[in-house]
Amino acid sequence: MMPMITRERLSDLIGSIYDCILVPERWESTLAAVTEQTGLSNCVLSMHNTRTKAGQIHVGVGVDEAFQEEAGVKYGAAVLDIWGGPQRLESFPLEEPIVQSQATPRSTWLANDWYREMCIPRKLHDCVTIFLVRDSHGLGAIAFGVGEDLGEVGEDRLAALRVLAPHFRRAVTIGGLLDQQAGTAATFVEAIDCVAAGVVLVDEGAEIVHANASADTMLRAGNPISDRNGRLATSNSITSDVLAEAILQSAQCDASLERRSINIPARHSDGTPTAIQVLPLQQRSPRSGLKQRAAAAVFVAKSADPPRLPGDALSLLYKLTPAEAKVFELVVEGKTPAEIAGLLALKVTTVRTHLSRVFEKTGCARQSDLVALASNVTLPV
Amino acid sequence: MTASDIAPERLSDLIGAIYDCVLAPESWPTALENIVEELGFATSALSVHDHTGEATSFASTGLEPDWLQLALRHSTSLPELWGGPGAILHVPLEEPILQSEATPRSTWRENPYYRAVLGPMGIHDIAMIPLVRDSRTLGLAAFGQREIDGEVDERVKDGLRLFAPHLRRAVTIGRLFEQHAMAIATFSEVLESIAAGAVLVDEALGIVHANATARRMLSNSDPILSRGGKLCLSAALPNAVLGDAVRQAAQNESAMERRSIDIPVRRNDGSPAVLQVLPLRRRTIGRAVEQRTVAAVFVSSAADPPRLPADAMALLFGLTPAEVRVFELIIEGMTPAEIAQQLGVTVATVRTHLGRVFEKTGCARQADLVALASKVTLTV
Chain A
3 MMPMITRERL
13 SDLIGSIYDC
23 ILVPERWEST
33 LAAVTEQTGL
43 SNCVLSMHNT
53 RTKAGQIHVG
63 VGVDEAFQEE
73 AGVKYGAAVL
83 DIWGGPQRLE
93 SFPLEEPIVQ
103 SQATPRSTWL
113 ANDWYREMCI
123 PRKLHDCVTI
133 FLVRDSHGLG
143 AIAFGVGEDL
153 GEVGEDRLAA
163 LRVLAPHFRR
173 AVTIGGLLDQ
183 QAGTAATFVE
193 AIDCVAAGVV
203 LVDEGAEIVH
213 ANASADTMLR
223 AGNPISDRNG
233 RLATSNSITS
243 DVLAEAILQS
253 AQCDASLERR
263 SINIPARHSD
273 GTPTAIQVLP
283 LQQRSPRSGL
293 KQRAAAAVFV
303 AKSADPPRLP
313 GDALSLLYKL
323 TPAEAKVFEL
333 VVEGKTPAEI
343 AGLLALKVTT
353 VRTHLSRVFE
363 KTGCARQSDL
373 VALASNVTLP
383 V
Chain B
32 MTASDIAPER
42 LSDLIGAIYD
52 CVLAPESWPT
62 ALENIVEELG
72 FATSALSVHD
82 HTGEATSFAS
92 TGLEPDWLQL
102 ALRHSTSLPE
112 LWGGPGAILH
122 VPLEEPILQS
132 EATPRSTWRE
142 NPYYRAVLGP
152 MGIHDIAMIP
162 LVRDSRTLGL
172 AAFGQREIDG
182 EVDERVKDGL
192 RLFAPHLRRA
202 VTIGRLFEQH
212 AMAIATFSEV
222 LESIAAGAVL
232 VDEALGIVHA
242 NATARRMLSN
252 SDPILSRGGK
262 LCLSAALPNA
272 VLGDAVRQAA
282 QNESAMERRS
292 IDIPVRRNDG
302 SPAVLQVLPL
312 RRRTIGRAVE
322 QRTVAAVFVS
332 SAADPPRLPA
342 DAMALLFGLT
352 PAEVRVFELI
362 IEGMTPAEIA
372 QQLGVTVATV
382 RTHLGRVFEK
392 TGCARQADLV
402 ALASKVTLTV
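If you're matching them up, the sequences are chains A and B in order. Position 201 (the first sequence) corresponds to 203 in the numbering used here; numbering is contiguous. Position 290 (the second sequence) corresponds to 321 in the numbering used here; numbering is contiguous.
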């Protein structure tokens, strides 16, 4: 029992609770150690939705499969009822071991399915629960089963659980927040992955810290950017030097004084020009002022493709026929009617007919109006 | 008072206070002060140095406010007190080491760090505990013992051994939060700089995040709106399409094949715009917490004419600023006469500039200029 426990053992036990933040798989061995230390029969870490009454046992120690499976689903409501129902559950303090037989009279349990069908056959005659979280998601708790052979729970067991309770709660809270943070971070990383332009995060020495999907493709092809021993470069050594200089400048201007992006001309391997933009990043963490590695974000225009027009979107908006949409696209790319006729294997007069329909439907008068219109509906990423 | 005398409840409280610092780093002085009091030290310091060698996060107790500056001024002679620059690197993590064990006290008198920093405070020993050590980071906790309080004995070291794993774990978990916070800050800043509007939404179209452009669009309700925190469009038909697209994204669990769904819309002035709905990979993190955000919705930004990077054009083609300006107006669809009027020059001057632009870029027609511009247009 806890009063007999050494300081070292207590410290280890508490430490193993916090280990579960980093390695959630350890909940099982941690709860097993606590169950053993306190001399209780079994233990479950569970989450109950008080509204739908459905529950889920995330970790179970010393419980059989049926007990673990059905506590949340088949007996979800009964488990809440044995504690006096959802409203009563709201009134229990968090972080405090609560003895079921002190919360509701044993005489009422006999009418409870959970008690009759699951607890009695397993010779469980009481339960101590530490409520840990109560929020919009429901009620999170650690519950220890008390076997008939143990008699009443006893003050020393409760004292031991009282010592551990705040650590359980803190570990569950920190773990939940850490998961949330990790999820948010992953979401942002992925949103940047969606961007069609190449995005490379670099440190002040142009070392690559992160590349989004599009940049990754470019880096693999070495066109128009490449990975030279972990550093971002372009295929042209002069441009590479300019890029490195721009990145260094971005890193040094730090702070939000005047964050201006720097543009660098570059060429694809086939000679077509492209734009590279170096954008300085805030380097100080908002949390602790720690300096982070990424000093700049480098944007690289996606290949030499003309801006992508969503054919469907245009057709829908202006009720263009597929042929008209195609002519529209080619005109915007700068092709003459004669060239378009060649490309689409049509007569020039047909192309002109399509084009006049396009003008009519879109309300445009000149080719340059079409270009302006197209820039409006170019896919944003 | 040593660790073996601590009541279990008190020990539990002191350890709890250490982990409180994970979520509230400003509580570190309190947590350290507890240990200092419990074990009879005079001062304490907790520092995490990043790869630049800068002490990045720092908490201390029992030290004068100007102590850090003083310590930094003499920091070059600090390693010598510990047996040279590499010595501390070999001490196992979580294991306290005493300065008096590392080097003999007799050698300290000549050391500038000791004479300027430790001596004047009456500190005659330091217990140091390495907490984090990797290629980028060194984390240390140090506790100073005053001469009048006697030697740091084995019982005190046992006390430190009791707290060391908790200090280490709390620093490690704190650093994880830090790393995620940095990733969130960096990537949201990148998203912020994108010219298109970007909105991250949950399954029910609830807006989880909007970048600067999207926030502007939302506040003007053009072409996207926020209704009760949910992303929507003013026209019923595209609004239904948007809802479907996001639901589809939510069901597309793997998003292995990332295909965007494009939705044409009209701005309030009747001009067209396009929405792109991209599914985000869903993952279950840790204890069955589901990622809320299921899709990224990008909205083409309003009809800003393409802005050419003047310095890039100058470098690539040797264009003068005036030539770049004429280039820009041409691709916006202006005639030379219109450009002349806008720039306050004669039409002949515009034609001269235009001729040079054609010559320098190797273009023959206005349409070629448009095509060229699309290749070098700023991405963000």
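All C-beta atoms, glycine included, are put in the ideal place defined by N, C-alpha and C. From a predicted model like this one, the values you see are computed outputs, not experimental measurements.
Check: Could you give the distance in angstroms between the alpha-carbon of residue 43 (chain A) and the alpha-carbon of residue 248 (chain B)?; Outcome: 59 Å
Check: Where residue 348 (chain B) and residue 392 (chain B) are concerned, what is the direct C-alpha to C-alpha distance, given to the nearest angstrom?; Outcome: 6 Å
Check: For residue 229 (chain A), list the residues DSSP reports as bridge partners.; Outcome: A:234
Check: State buried or exposed for residue 265 (chain A), treating a residue as buried only when at least 16 other CB atoms are found within 10 Å of its CB.; Outcome: buried
Check: Would residue 373 (chain A) be called buried (16 or more neighbouring beta carbons within 10 Å of its own) or exposed?; Outcome: buried
Check: Would you say residue 140 (chain A) faces chain B, with C-beta separation under 8 Å as the test?; Outcome: no
Check: What did DSSP end up calling residue 243 (chain A) once you bin it into helix, strand or coil?; Outcome: helix
Check: Please list, in chain order, all residues of the same chain as residue 255 (chain A) whose beta carbon is under 6 Å from its beta carbon, the five residues on each side excluded.; Outcome: 282
Check: For a cutoff of 8 Å on Cβ pairs, would you count residue 97 (chain B) as touching chain A?; Outcome: no
Check: Does any residue of chain A have a CB that is nearer than 8 Å to the CB of residue 385 (chain B)?; Outcome: no
Check: Can you tell me where the alpha helix (DSSP H) holding residue 39 (chain A) begins and where it ends?; Outcome: 29 to 40
Check: Closer than 8 Å, Cβ to Cβ, to anything on chain B: give me those residues from the region 130 to 160 of chain A, in chain order.; Outcome: none
Check: How close, in whole Å, do the beta carbons of residue 191 (chain B) and residue 70 (chain B) come, if the pair is a contact with beta carbons under 8 Å?; Outcome: 7 Å
Check: For residue 199 (chain B) and residue 98 (chain B), I'd like the C-alpha separation in whole angstroms.; Outcome: 24 Å
Check: Alpha carbon to alpha carbon, how far is residue 360 (chain A) from residue 395 (chain B)?; Outcome: 25 Å
Check: I need the boundaries of the beta strand (DSSP E) containing residue 261 (chain B), first residue and last residue.; Outcome: 261 to 264
Check: To which residues of the same chain is residue 63 (chain A) closer than 8 Å at the C-beta, ignoring the five residues directly before and after it?; Outcome: 30, 33, 34, 37, 44, 45 and 46
Check: Looking at residue 364 (chain B) and residue 371 (chain A), is the spacing between their C-beta atoms short of 8 Å?; Outcome: yes
Check: If we ignore side chains and look at the alpha-carbon of each, how far apart do residue 121 (chain A) and residue 127 (chain A) end up?; Outcome: 7 Å
Check: Could you check what DSSP says for residue 97 (chain A) in three-state terms: helix, strand or coil?; Outcome: coil
Check: Secondary structure at residue 78 (chain B), three-state DSSP: helix, strand or coil?; Outcome: strand
Check: Since residue 303 (chain B) sits in a beta bridge, which residues does DSSP pair it with?; Outcome: B:297
Check: Kindly indicate which residue of A:171, A:154 and A:70 has the alpha-carbon position closest to the one of residue 143 (chain A).; Outcome: A:171
Check: List, in chain order, every chain A residue whose beta-carbon is nearer than 7 Å to that of residue 259 (chain B).; Outcome: By Cβ distance, chain A contributes nothing, its closest Cβ being about 17 Å from residue 259 (chain B), past 7 Å.
Check: Taking 7 Å as the limit between beta carbons, can you name the residues of its chain near residue 259 (chain A), skipping five residues before and five after?; Outcome: For residue 259 (chain A), the predicted structure reports a pLDDT of 49, less than 50, and the residue's modelled location is therefore unreliable. The matter cannot be settled from this model.
Check: Can you tell me the Cα-Cα spacing of residue 148 (chain B) and residue 95 (chain B), whole angstroms?; Outcome: 11 Å
Check: When the Cα atoms are used, what is the spatial distance from residue 282 (chain B) to residue 74 (chain A)?; Outcome: 26 Å
Check: Exposed or buried, what is residue 212 (chain A) when buried is set at 16 or more other beta-carbons lying within 10 Å of its beta-carbon?; Outcome: buried
Check: Would you say residue 361 (chain A) reaches chain B, if we count a Cβ-Cβ gap shorter than 8 Å as a contact?; Outcome: no
Check: Jot down the residue ranges of each uninterrupted alpha helix (DSSP H) in the region 205 to 238 of chain B, minimum 4 residues, whole runs only, in chain order.; Outcome: none
Check: Could you pull the DSSP bridge partners for residue 46 (chain A) from this structure?; Outcome: A:62 and A:145
Check: Just to confirm the assignment, what range does the beta strand (DSSP E) spanning residue 2 (chain A) have?; Outcome: Residue 2 (chain A) lies beyond the stretch modelled for chain A, which goes from 3 to 383, so this question has no answer here.
Check: To the nearest angstrom, report how far apart residue 180 (chain A) and residue 207 (chain B) are at their CA atoms.; Outcome: 8 Å
Check: Using a Cβ cut-off of 8 Å (strictly closer), state whether residue 46 (chain A) contacts chain B.; Outcome: no
Check: If you run the structure through DSSP and keep just helix, strand and coil, what is residue 183 (chain B)?; Outcome: coil
Check: Can you tell me whether residue 319 (chain B) is helix, strand or coil according to DSSP?; Outcome: In this predicted model, residue 319 (chain B) has a pLDDT of only 44, less than 50, meaning its place in the structure is not dependable enough to derive any value.
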